[in-house]
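*Asks:* Taken in sequence, the protein lines are chains A, B and C.
Per this note's numbering, the first sequence starts with residue 2, numbered consecutively.
Per this note's numbering, the second sequence starts with residue 2, numbered consecutively.
Per this note's numbering, the third sequence starts with residue 508, numbered consecutively.
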Amino acid sequence: MSEPTTDQFSRRAFFKGSGAVAAATMVSSEVAGQDVAASPNATRLIKGMTLKVNGKQYTIENVEARTTLLDVLRLRLNLTGAKPVSMDGSSGASTVLIDGRPAMASTTLAASVVGKEITTIEGLPANDAVPHAFVADDAQQCGFCTPGFVMAVRAFLNRHPEATDEQLRSGLNGNICRCGTYANIIRAAVSIVKGEQNG
Amino acid sequence: MADTKYSWPASHQAQLIGKRVDRLDGLVKSTGAAKYTYDLNLDKQLIVRALGCPFAHCRVVSVDTSEAEKVPGVVVVHLINAPKEDGPVEIQAQGTLIAAVAAETEAAAAEACAKLKVAYEELDVFVDDHDLAAAEAAKRTKAAGGGIELDEALGEPGDDDDESEWEDKMIQRLLVESKYVVEGRYGIDAITHCCLEPHGSTLQWEGNKLKVHLSTQNVSQCDDGFAAALGITADEVDVHCDYIGGGFGSKFQPNYWGIAAAEIAKKAGRPVKFMLTREQELQIAGNRPSGYIDVKLGADENGVVKVWDSHHWGTSGFNGSTVSVGTVPYVYKPKNIRRRATGVVTNNEPSVAWRAPNHPQACLLTQTAYDDLAAKMQADSFDIFLRNLENIDTPEKASVYAEEMRIAAELIQWRKYWHPHGKGHKRGSVVDGLGIGIHKWGGTANTSSCLLRIHPDGGVESYCGTQDLGTGTRTVCAMVVAETLGLPVDAVKVNIGSSTYPFSGASGGSTTVGAVSESHRRAAQDAIAQIFEKVAAKLDVPADQLEAIGGKIQAKGYGDKAMPWKQACSLIGIRPLEVTSNYQRGTASPLSNEGVAGVQMAHVAVDTDTGEVKIKRMVAVQDIGLIINRKTAESQVYGAMIMSIAAAIFEQRINDPKTGAFLNSELDAYRLPRLGDTGELVVHFHEPESERSRGVIGLGEPPAISGIAAISNAVCNATGVRVPTVPMTPKRVLDALRAAKANA
Amino acid sequence: MNNFEYAQPQTIPEAIELLATADNNAVVLAGGTDVIGLMKRFVVNPDRVVNIAEIPELQRITTDDTGNTWIGAAVHLDQVLDSRSMNAFPAIKQTIQGISSIQLQCQGTLVGELLRRPNCWYFRNGHGLLADSGRMVVHGDNRFHAILGNRGAAKFVNPSRLAPALISLGAKVRIAGPTADDERIIDLEALYRTPRSDREMENVLEPGQLVTHVMVPRDAGHLSAAYEVRHGEGPDAPLAAAAVSMSVVRGVVRGAKVVLGQVAPTPWIAAGAANAMLGLPLSEELAARAGMESTAGAMPLSQNEYKIQLAQVAVKRAILRAAGLDTGDIPSCMASAELI
Ligand code: FES
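1. Against chain C, which members of the segment 94-111 of chain A pass a CB distance test of less than 7 Å?
2. Determine, for residue 686 of chain C, whether the minimum Cβ-Cβ distance to residues of chain A falls below 8 Å.
3. Using the three-state DSSP reduction, which class does residue 602 of chain C fall into: helix, strand or coil?
4. Strictly by DSSP, which residues pair up with residue 726 of chain B?
5. Once you ignore the five residues that flank residue 377 of chain B on each side, which residues in its own chain have a CB closer than 8 Å to its CB?
6. So residue 130 of chain A contacts chain B; which residues on that side make the cut at Cβ distance below 8 Å?
7. How would you call residue 653 of chain B, buried or exposed, if buried means at least 16 neighbouring beta carbons within 10 angstroms?
8. Tell me which residues of the segment 352-368 of chain B have at least one Cβ-Cβ distance to chain A shorter than 8 Å, keeping chain order.
9. Candidates B:411, B:15, B:92 and B:335: which alpha carbon is nearest residue 388 of chain B's?
10. Hey, which unbroken runs of the beta strand (DSSP E) at 3 residues or more fall wholly within the segment 382-444 of chain B?
11. Determine the closest residue to residue 58 of chain B out of B:20, B:346 and B:222, with distance taken between C-alpha atoms.
12. List the residues of chain A that residue 544 of chain C touches, going by C-beta distances under 9 Å, in chain order.
13. Do you know whose CA, among B:503, B:323, B:338 and B:596, lies nearest residue 148 of chain B's CA?
14. Would you say residue 155 of chain A faces chain B, with C-beta separation under 8 Å as the test?
15. Along the chain, which unbroken stretches of the beta strand (DSSP E) at least 3 residues long are found entirely within the segment 675-751 of chain C?
16. Assuming contact is defined by CB atoms lying nearer than 8 Å, are residue 486 of chain B and residue 437 of chain B in contact in what I supplied?
17. Under 8 Å between the Cβ atoms of residue 98 of chain B and residue 47 of chain B?
18. Which residues mark the beginning and the end of the beta strand (DSSP E) in which residue 65 of chain B is found?
19. Can you name the residues that DSSP bridges to residue 465 of chain B?
20. Would you say residue 475 of chain B touches the ligand FES, meaning its beta carbon is less than 7 Å from a heavy atom?
21. Keeping to the same chain, check which residues put their C-beta closer than 7 Å to that of residue 773 of chain C; ignore five residues upstream and five downstream.
22. Which residues of the segment 216-246 of chain B have a Cβ closer than 7 Å to any Cβ of chain A? Give them in chain order.
23. Pick out whichever of B:129, B:430, B:247 and B:587 has its Cα sitting closest to the Cα of residue 317 of chain B.
24. Residues around the ligand FES, please: the condition is that the C-beta lies closer than 7 Å to some non-hydrogen atom of it.
25. Near residue 107 of chain B, which residues of its chain fall below 8 Å by C-beta distance, leaving aside the five closest residues on each side in sequence?
26. Quick check: the Cα distance between residue 563 of chain B and residue 535 of chain B, rounded to an integer number of angstroms?
27. Nearest chain B C-beta to residue 113 of chain A closer than 8 Å, yes or no?
28. If you draw a straight line from the alpha carbon of residue 624 of chain C to that of residue 545 of chain C, how long is it in whole angstroms?
29. Does the CB of residue 171 of chain A have a neighbour CB from chain C at under 8 Å?
30. Whole beta strand (DSSP E) runs in the segment 123-190 of chain B with 3 or more residues, listed along the chain?
31. Closest to residue 55 of chain B by CA distance: which of B:32, B:735, B:211 and B:126 is it?
32. Flag this pair as touching only if the segment 300-310 of chain B and the segment 263-273 of chain B have three or more C-beta atom pairs under 8 Å; answer yes or no.
33. What does DSSP give as the partner residue(s) for residue 339 of chain B in the beta ladder?
34. Counting C-beta neighbours from all protein chains within 10 Å, is the total for residue 29 of chain A 16 or more, i.e. buried, or is it exposed?
35. Out of B:500, B:430 and B:560, which has the shortest C-alpha to C-alpha gap to residue 609 of chain B?
36. Closer than 8 Å, CB to CB, is residue 655 of chain B near chain C or not?
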């Protein structure tokens with residue numbers, strides 16, 4: 002293999018509007034120098050884990066290596082917007098943004114996101130259009146799936162700010178809603194696209 | 002006040018009722034701030050995980066907890082279905098909880114559960130609910146009722162006739178005399194409730210008092226459930242539920258795991274959170290019975306069904322019941338019917354109520370056969386469904402059905418897209434088709450009490466022990482009170498979701514909006530009447546000539562004789578005005594009613610090469626009496642239609658035929674529709690004044706019924722072939738197409 | 508899940524060292540979309556988890572001077588989708604788009620997708636990869652199981668959605684380990700195998716080995732496409748899938764590679780389907796004939812015969828799609844009745 006040339010990603014559009022994220026770089030891994038990060042040494046217990054969530058630094062004592070990000074958010078930081086619904090992320094209910102990219106907190110180890118910017122639904126700006134559009138179009142019933150859906154729509158619109166109805170239908174299939182709110186979720190997302198176009 | 006005449010404002014006068022109002026808790030939910038039972042973290046709480054039985058039928062011989070106890074972080078190991086002195090415990094459904102572990106972390110609790118050593122003795126398993134012959138051979142059936150009703154015109158058996166032989170002869174004769182006879186087998190598999198927030202509680206003891214956050218649709222009565230099981234009195238139990246992540250009929254009880262949670266908390270002396278895992282939620286926390294039918298019907302030359310002869314079966318789990326015999330045939334009721342039902346005992350957890358219990362299955366089992374009649378006649382299904390309205394079990398609704406069918410047909414462009422079954426245009430391997438289903442529901446208002454407190458400074462708060470399942474109950478309460486007091490909707494502080502509030506019935510059977518509309522309208526009318534009395538003297542207008550509107554109390558029609566709300570409230574005195582009013586289920590009332598019709602139509606595309614079924618458009622036309630919040634009411638119907646799509650095309654419980662294991666109890670394998678699977682959905686409320694004037698009628702169940710039949714019928718219209726059992730998976734569609742080809 | 512040692516190496520040699528010293532009981536973590544769920548279900552119980560996501564070398568898509576594209580093991584699916592270097596390979600893009608879950612596309616990695624463990628419900632419910640030497644599947648519910656290559660104990664299907672597309676395009680993988688100097692580049696299809704016993708995995712990786720890159724060979728001007736038959740939209744397992752890469756000169760097929768997915772314990776190279784097309788003008792009939800050939804030798808189990816037809820249709824439609832012809836199916840994500 003000869004000298005590689007790096008492929009340029011267009012990541013700007015992706016981060017646009019996602020709030021918390023500045024400029025995380027792809028190629029240089031930006032890992033904080035804590036217990037787990039810089040050293041290849043394996044560890045079972047992270048004595049003091051520092052996570053950056055919604056712009057704030059938290060230090061969490063004694064985190065077992067197996068602990069998922071979802072458990073840390075919900076049980077240690079009391080940020081319970083992301084929901085535990087499926088073991089394997091099939092439902093998308095635990096969706097958060099990690100360095101601006103959507104991921105399921107339920108299938109993410111807390112240790113693996115040390116040094117990254119984690120944005121949960123609680124960290125969306127108060128004027129973020131998505132939650133408001135969900136209210137205006139009543140895109141929720143019991144609401145248990147809603148935070149995950151809001152985060153997925155946010156991530157999707159960051160990536161496809163001009164998304165059409167059809168693109169939404171073929172891109173937002175990572176979440177499950179049991180109450181059946183899909184029709185209004187599409188409406189809400191489309192209304193945001195239209196609003197942004199007008200404004 | 003006894004002489005208050007309860008009523009709803011006329012539609013042209015209503016300020017809020019019937020309008021589109023954002024749900025009050027909308028932003029709390031969509032920003033993740035709403036705290037569900039699962040989300041409540043109590044100080045020093047332990048996390049509980051339970052071990053579910055891996056076998057569908059077995060005896061638990063022994064449970065060795067020693068290894069589990071050694072897992073770091075474990076505080077309590079608690080036996081649930083473990084052998085006692087009187088011997089082993091029989092388990093009849095996979096997932097039944099054997100023991101639970103409370104630990105400092107969820108991972109530790111789960112690890113300890115995996116380390117419980119349980120000795121099982123496996124027993125024979127039966128899960129084959131669709132195969133009646135196999136069930137009979139395995140002695141796994143139970144008679145589940147039946148009967149015969151014959152047209153009086155047929156006369157009576159003679160004195161020498163054996164009655165049942167005579168009846169059988171009559172049925173056979175009617176079938177022979179029929180111009181068209183349809184004989185078919187249809188079916189609908191068992192599904193699970195699959196609430197996204199699993200069943201469970203977060204609870205703690207405060208001395209002898211139990212404080213429970215419970216994911217429940219029955220706040221007002223679960224305190225009794227805990228008390229009875231724990232040997233305390235209901236006043237010592239407070240049940241709270243601000244938000245619930247889905248119930249659908251499965252969350253009426255504390256359940257045995259709720260009781261175990263309380264016992265564990267007592268042992269540990271600490272709060273606990275005990276939520277079922279996803280797998281357990283599907284295995285043991287609620288399922289809907291399956292239904293399969295052998296039916297023969299006979300119709301005259303116009304396609305009017307004259308005789309119905311059926312035997313249906315299915316399973317509700319190990320208690321061995323099936324779809325209630327009285328619901329088949331559904332809505333349509335020919336003059337001559339013979340029906341019989343058989344329950345199949347399978348190794349599954351017993352069913353619990355699911356949105357419109359029995360109706361979706363009965364509707365599918367009936368109206369597929371009616372549609373096959375249309376197919377046989379190469380007649381338009383619309384006409385056959387319309388003509389048969391002459392024989393329905395709610396004859397007074399015939400004209401409502403007819404009108405709703407007409408509206409639905411327009412919305413789905415029936416005339417434009419309809420073609421005889423199997424004779425549509427084919428593009429590539431894709432054909433499309435239209436289908437129809439009709440349904441009924443009661444929807445009476447449940448018992449409900451509301452305490453309304455109006456403060457001398459004008460503040461208004463209401464208290465009611467109901468709950469908001471996602472139907473928008475909170476918003477309905479606020480709208481009703483605000484409308485009555487002439488205030489904006491956010492002026493009312495609504496308090497629900499606690500057993501310490503005035504009693505309100507369980508949210509089941511589409512009874513909640515009726516219930517809270519009754520209690521809140523009554524309380525608000527009673528309260529405003531008292532305020533009118535006080536204002537009357539000041540404004541020198543008779544109390545019965547006052548109205549509350551736009552933040553004022555004013556003389557009807559005379560805006561100049563008016564008093565602002567705050568000022569009016571200052572007349573109350575120094576203590577708040579408190580009114581408690583209630584409604585008793587079953588009492589005739591001008592505010593609520595029961596009995597609705599409803600029509601759904603589906604337009605589908607079927608890929609005949611792959612068996613994929615896609616919804617193009619679905620239409621629901623629904624009468625519900627008086628609509629309170631149009632916005633949330635529409636959402637209810639959308640949701641019900643999507644659930645119908647789920648049952649028609651996607652979801653089913655799959656048991657391993659050998660071991661009985663529930664194979665698809667995780668969401669990666671339990672298929673539910675996703676956002677791209679739902680096509681275009683159209684909701685239309687049928688609300689002429691004749692319907693509106695009936696008052697509030699529940700909406701949760703009716704739109705969740707006939708969509709499944711409509712989709713099945715649409716697939717049959719598209720392909721000309723009946724896919725007998727739903728969900729119509731690609732495999733089933735291809736199997737049906739292949740069988741039809743082989744027969745041709 | 509059980510607790511484990513967590514390690515986050517910065518270099519490939521460190522990763523290999525960590526994997527090789529773990530007493531045969533380490534797993535590689537990248538996106539986590541598969542392995543974490545399996546650990547929670549106690550199906551995979553590693554004593555060490557090696558997170559390779561932060562190794563800079565693995566985070567890149569690079570093009571070498573012969574024009575081959577190298578995709579590192581920490582590169583996410585959306586990055587592959589967005590990469591200009593993939594524009595020549597519609598089969599890859601279509602498949603990633605078909606996953607249609609923005610979370611899975613952004614969290615999951617390409618290499619992780621290729622190494623996803625089987626979806627077989629007996630495996631995922633804890634009965635082992637072979638589920639009692641295949642007996643549980645044979646006597647149980649096998650509607651989603653293998654129709655090809657299923658004569659041995661292995662009845663599961665390879666779950667990868669990208670493998671057919673990549674194999675059809677001649678992709679290779681670079682395997683590093685078990686020592687720092689060990690490096691092998693093999694055809695992607697050679698990564699997979701059908702296990703004969705419970706001691707074997709569904710791939711050839713030995714303890715201490717790591718797939719570091721996938722190499723997609725330089726664009727040779729071939730037409731390519733993928734087609735999945737799905738039961739509904741989204742990230743759930745398709746029922747059958749096919750990918751094709753072919754060179755077509757003046758309407759005549761000069762070379763083709765057809766690969767089936769979701770039908771056998773490995774991605775299934777349908778040589779017969781490719782041969783059936785050679786030298787013939789591309790047409791719908793020819794695509795259909797290739798489809799028929801693709802399942803030669805299929806041995807359906809008690810409940811999965813329908814998958815033969817699905818595989819055949821997938822092949823036919825992949826070919827038609829590659830050729831830019833109408834596949835005659837339902838437009839996905841229909842929003843309106845007019846769309847047919
Ligand atoms: S709103 Fe209840 S699950 Fe989506």
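Idealized CB from N, CA, C, for every residue including glycine.
*Replies:* Here's the rundown:
1. 96, 102, 103, 104, 105, 108, 109 and 110
2. no
3. helix
4. B:188
5. 181 and 183
6. Result: empty, since nearest Cβ-Cβ is about 11 Å, beyond 8 Å.
7. buried
8. none
9. B:335
10. 431-439
11. B:346
12. 87, 88, 89, 90, 91, 107 and 108
13. B:338
14. no
15. 679-683, 690-694, 717-723 and 730-736
16. no
17. no
18. 59-65
19. B:497
20. no
21. 656, 665, 699, 700 and 701
22. 244, 245 and 246
23. B:129
24. A:141, A:142, A:143, A:144, A:145, A:146, A:147, A:178, A:179, A:180, A:182, B:197, B:246, B:247 and B:471
25. 48 and 50
26. 13 Å
27. no
28. 9 Å
29. yes
30. 142-150 and 181-189
31. B:126
32. no
33. B:149 and B:310
34. Caution is warranted here: a pLDDT of 26 is assigned to residue 29 of chain A, below 50, making its placement in the model unreliable, and no coordinate value can be reported.
35. B:430
36. yes
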